[in-house]
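Read through the structure below, which is laid out as structure tokens, and then see the notes.
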Amino acid sequence: MAILAGLGALLAIPVGFAQSPAPATSASPDASVDSQVQSLKSDVLDLNRDLFVLEQELLYPANTQVAVFVAIDAGTFFALDSVQLKIDGKEVADYLYTPREVHSLVQGGVQRLYVGNLKVGKHELVAFFTGKGPHNLDYTRGATLDFRKEIGAKYLELTITDDQHKLQPEFRIKDWN
Amino acid sequence: MPGRWKRASLAVVWTSLAILGILPAFASRFHAAPGLPAPDFALRAYAGPNARLSEHIGQVVVVSFWGVGCEACRAQLEALEQDFSRYRAQGLRIYGIEVADDQLQARRYAGGLHVTFPLLLDPAKAVARLYDVDTLPMTVLIDRDGKIRRVVRDFNETSRRACEDELRTLLAE
Chain F
78 MAILAGLGAL LAIPVGFAQS PAPATSASPD ASVDSQVQSL KSDVLDLNRD LFVLEQELLY
138 PANTQVAVFV AIDAGTFFAL DSVQLKIDGK EVADYLYTPR EVHSLVQGGV QRLYVGNLKV
198 GKHELVAFFT GKGPHNLDYT RGATLDFRKE IGAKYLELTI TDDQHKLQPE FRIKDWN
Chain Z
97 MPGRWKRASL AVVWTSLAIL GILPAFASRF HAAPGLPAPD FALRAYAGPN ARLSEHIGQV
157 VVVSFWGVGC EACRAQLEAL EQDFSRYRAQ GLRIYGIEVA DDQLQARRYA GGLHVTFPLL
217 LDPAKAVARL YDVDTLPMTV LIDRDGKIRR VVRDFNETSR RACEDELRTL LAE
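Top line first, the protein sequences correspond to chains F and Z.
Residues are numbered in our numbering as their position in the first sequence, beginning at 1, plus a constant of 77.
Residues are numbered in our numbering as their position in the second sequence, beginning at 1, plus a constant of 96.
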């Protein structure tokens with residue numbers, strides 16, 4: 078109901094703008110216009126954010142939502158090129174990384190690779206990682222996780238770590254719930 | 097009364113879905129027209145790192161679609177190479193995107209081109225579709241805000257001059 082009320086309010090906003098009286102001009106019109114423009118810009122940004130949140134709530138309700146994140150811990154033995162994601166055998170994401178994005182992940186960033194909806198029950202997640210492995214050789218590895226989706230959002234994380242003993246990269250899927 | 101509320105709620109939800117879903121889908125039919133934001137893409141390069149268009153906000157970007165055996169495409173890419181060496185320092189970025197069925201042939205052809213800007217692979221032609229490529233060469237000029245400023249089809253003296261004038265304007269902004 079809160080979502081509906083919010084949407085109703087959002088849909089009514091253009092009407093509100095149209096009906097609002099023009100503000101009185103002050104002594105320095107340039108400064109006044111500038112501040113009005115800044116205020117309008119800020120309002121538009123706020124509206125955009127609210128609309129994005131509402132859109133996300135509508136498209137991916139908390140009860141059915143599943144989100145998959147990507148993180149790199151260290152990353153000495155693997156230069157990430159792309160990640161392909163399959164849920165229950167269906168490809169849901171195929172993401173190509175640029176050096177800048179990989180750098181952000183190595184620096185500790187976490188990327189939301191996929192968000193979607195799943196029914197309650199058992200599911201299988203398969204992730205394929207491609208890139209350059211040790212000795213700059215082409216490297217493709219997969220990781221699989223069987224998980225159970227309950228009522229409520231499900232968060233999974235694909236993590237690339239360094240295995241210092243084997244001097245190889247390691248690919249894991251973590252369940253945050 | 098509860099039935100009426102239910103119907104009203106459903107109406108609001110459907111209206112919202114229409115606004116959130118149908119209208120953007122309708123607008124997205126015209127993806128590559130001047131004034132619209134340039135559709136983002138990420139592609140592998142023939143040589144060098146992967147490229148993503150949205151990483152170049154704040155720079156002027158030229159995206160040129162080319163094909164194997166297209167002489168006008170070769171001429172266009174050579175002209176762009178001149179622009180690249182002249183305006184690179186001013187923030188010009190150029191990507192040549194190949195639209196070819198035979199990847200091996202395209203790779204060989206790309207090896208023979210003397211260009212220093214990245215040549216990207218679009219094996220599924222997804223980016224070509226996104227930009228409504230209907231003729232080769234096709235060149236898209238994108239401003240520093242990431243909006244399409246001009247789409248130039250074919251390559252000749254007139255289109256070359258128009259492209260260069262537009263580039264200078266974009267770089268001066």
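Idealized CB from N, CA, C, for every residue including glycine.
(message) Assuming contact is defined by CB atoms lying nearer than 9 Å, are residue 269/Z and residue 240/Z in contact in what I supplied?
(response) Position 173 of the second sequence, counting from 1, holds the residue named residue 269/Z. Position 144 of the second sequence, counting from 1, holds the residue named residue 240/Z. Yes, the Cβ-Cβ distance between residue 269/Z and residue 240/Z is below 9 Å.
(request) Answer with yes or no whether the minimum CB distance from residue 125/F to chain Z is below 9 Å. (result) Residue 125/F sits at position 48 when you count from the first residue of the first sequence. Taking Cβ atoms only, chain Z never reaches closer than 9 Å to residue 125/F, which makes this a no.
(message) Measuring only the C-alpha atoms, how far is residue 159/Z from residue 243/F?
(response) For the purposes of this step, residue 159/Z is identified with residue 63 of the second sequence, where counting begins at 1. For the purposes of this step, residue 243/F is identified with residue 166 of the first sequence, where counting begins at 1. If you take the alpha carbons of residue 159/Z and residue 243/F, they lie about 43 Å apart.
(request) Note down, in chain order, every chain Z residue with its Cβ under 9 Å from the Cβ of residue 175/F. (result) For the purposes of this step, residue 175/F is identified with residue 98 of the first sequence, where counting begins at 1. Correct list: 138, 145, 146, 147, 148 and 151.
(request) Determine, using beta carbons only, whether residue 168/F comes closer than 9 Å to chain Z. (result) Translated into the one-based positions of the first sequence, residue 168/F becomes position 91. Residue 168/F does not count as touching chain Z.
(message) Quick test of the definition: if touching needs 3 or more C-beta pairs under 8 Å, does the segment 176 to 186 of chain Z touch the segment 208 to 223 of chain Z?
(response) As far as the Cβ criterion goes, the segment 176 to 186 of chain Z touches the segment 208 to 223 of chain Z, which means the pair count is three or higher.
(request) Can you give me the start and stop residues for the beta strand (DSSP E) that residue 159/F sits inside? (result) The residue given as residue 159/F occupies position 82 in the first sequence. Looking at the DSSP string, the run of the beta strand (DSSP E) that includes residue 159/F is 156 to 164.
(message) If contacts are defined as beta-carbon pairs under 8 Å, then residue 140/Z and residue 182/F qualify, I think. What distance do you get, rounded to the angstrom?
(response) By 1-based counting over the second sequence, the position of residue 140/Z is 44. By 1-based counting over the first sequence, the position of residue 182/F is 105. In fact, because the Cβ distance is near 18 Å, the residues do not count as touching under 8 Å.
(request) Please determine, among 218/F, 138/F, 116/F and 165/F, the residue with the shortest C-alpha to C-alpha distance to residue 156/F. (result) Indexing the first sequence from 1 puts residue 156/F at position 79. Closest by alpha carbon: 218/F.
(message) Please tell me whether residue 137/F has its Cβ less than 9 Å away from any Cβ of chain Z.
(response) Here residue 137/F is taken as the residue at index 60 of the first sequence, counted from 1. Cβ-Cβ to chain Z under 9 Å: no for residue 137/F.
(request) Determine the extent of the beta strand (DSSP E) in which residue 167/Z is found, giving its start and end residues. (result) Working through the second sequence from its first residue, we reach residue 167/Z at position 71. Not the beta strand (DSSP E): residue 167/Z falls in the alpha helix (DSSP H), residues 167 to 183.
(request) Step through the CB atoms of chain Z and report whether any lies within less than 9 Å of the CB of residue 215/F. (result) Within the first sequence, residue 215/F is the residue found at index 138, counting from 1. No - not a single Cβ of chain Z is within 9 Å of the one on residue 215/F.
(message) Using DSSP's beta-bridge definition, name the partner residues of residue 247/Z.
(response) If you number the second sequence from 1, residue 247/Z lands on position 151. In the DSSP output, where bridge partners are listed per residue, residue 247/Z has 236/Z.
(request) Hey, could you find the ends of the beta strand (DSSP E) residue 186/Z is sitting in? (result) To locate residue 186/Z, count along the second sequence from 1; it is residue 90. Taken as a continuous stretch (DSSP letters only), residue 186/Z belongs to no beta strand (DSSP E), as it is neither H nor E.
(request) For chain Z, find out if any of its Cβ atoms is closer than 9 Å to the Cβ of residue 89/F; answer yes or no. (result) Position 12 of the first sequence, counted from the first residue, corresponds to residue 89/F. Confidence at residue 89/F is low in this model, with a pLDDT of 44, below 50, so the placement of that residue is unreliable and no value is reported for it.
(request) Return helix, strand or coil for residue 119/F, following the three-state DSSP convention. (result) For the purposes of this step, residue 119/F is identified with residue 42 of the first sequence, where counting begins at 1. Of the three classes helix, strand and coil, the one that applies to residue 119/F here is helix, per DSSP.
(message) So, for residue 236/F: in the same chain, excluding its five sequence neighbours on each side, which residues have a beta-carbon less than 7 Å away from its beta-carbon?
(response) In the first sequence, the residue the question calls residue 236/F occupies position 159. So the qualifying residues of the chain are 148, 150, 249 and 251.
(message) I need the DSSP call for residue 132/Z, collapsed to helix, strand or coil.
(response) For the purposes of this step, residue 132/Z is identified with residue 36 of the second sequence, where counting begins at 1. Reduced to three states, the DSSP call for residue 132/Z is coil.
(message) residue 228/F and residue 197/F - do their beta-carbons sit closer together than 9 Å?
(response) Working through the first sequence from its first residue, we reach residue 197/F at position 120. Working through the first sequence from its first residue, we reach residue 228/F at position 151. Yes.
(message) Quick test of the definition: if touching needs 3 or more C-beta pairs under 8 Å, does the segment 162 to 176 of chain F touch the segment 115 to 125 of chain F?
(response) Between the segment 162 to 176 of chain F and the segment 115 to 125 of chain F, the count of C-beta pairs closer than 8 Å stays below three; the two stretches do not touch.
(message) For a quick check, are the C-beta atoms of residue 187/Z and residue 156/Z less than 9 Å apart?
(response) Looking up residue 187/Z in the second sequence gives position 91. Looking up residue 156/Z in the second sequence gives position 60. In this structure, residue 156/Z lies closer than 9 Å to residue 187/Z by Cβ.
(message) Counting only beta-carbon separations shorter than 9 Å, does residue 172/F have a partner in chain Z?
(response) Locating residue 172/F in the first sequence gives position 95, counting from the first residue. At least one chain Z Cβ lies under 9 Å of residue 172/F.
(message) Which same chain residues end up closer than 7 Å to residue 184/F when comparing Cβ atoms and leaving out the 5 residues on each side of it in sequence?
(response) As a first step, residue 184/F must be located in the first sequence, where it is residue number 107. Result list for residue 184/F: empty, nothing under 7 Å.
(message) Please report whether the beta-carbon of residue 150/F lies at a distance below 9 Å from any beta-carbon of chain Z.
(response) As a first step, residue 150/F is located in the first sequence; it is residue number 73 there, counting from the start. Not closer than 9 Å to any Cβ of chain Z, the Cβ of residue 150/F fails to qualify, so no.
(message) Tell me which residue opens and which closes the alpha helix (DSSP H) that residue 261/Z is part of.
(response) For the purposes of this step, residue 261/Z is taken as the residue at position 165 of the second sequence. Residues 253 to 268.
(request) Specify, as a first and last residue, the run of the beta strand (DSSP E) that residue 246/F falls within. (result) Translated into the one-based positions of the first sequence, residue 246/F becomes position 169. Note, residue 246/F: beta strand (DSSP E), 245 to 252.
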